[in-house]
Amino acid sequence: PTSLDDLSSILALYRPGPLDAGLIPQFIKRKHGVEPIEYEFPELEPILRETYGILVYQEQIMRVARELAGYSLGQADILRRAMGKK
Numbered sequence: 630p631t632s633l634d635d636l637s638s639i640l641a642l643y644r645p646g647p648l649d650a651g652l653i654p655q656f657i658k659r660k661h662g663v664e665p666i667e668y669e670f671p672e673l674e675p676i677l678r679e680t681y682g683i684l685v686y687q688e689q690i691m692r693v694a695r696e697l698a699g700y701s702l703g704q705a706d707i708l709r710r711a712m713g714k715k
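Here the working numbering = 1-based position in the sequence shown + 629.
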């Protein structure tokens, strides 16, 4: 990591779901320019730019739900909680 944001992201990714999905190697490749950063929708770029296009934080999930799906803050929080329960 070269910044506090990178360290924070790596710690957030060090959980069973992201580890199983291979997100840490993907994060590192994108950070170093080995893998291109692509956004499915242009609206995702300001939300995911600091994490190289990868959903890392629960707050990002909520913001995506609000901005792309038009969810209210309460609805986005319900979605976030449901995703955490699997």
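The beta-carbon is built from N, C-alpha and C at its ideal position, and this holds for glycine as well.
Residue state for P645 is assigned as helix, using DSSP reduced to three classes. One alpha carbon belongs to L684, the other to D706, and they sit about 15 angstroms apart.
Under the DSSP assignment, R692 falls in the alpha helix (DSSP H) whose first and last residues are Q687 to A698.
Per DSSP, L652 is one residue of the alpha helix (DSSP H) stretching across L652 to K660. A distance of 9 angstroms or more separates the beta carbons of I657 and Y643.
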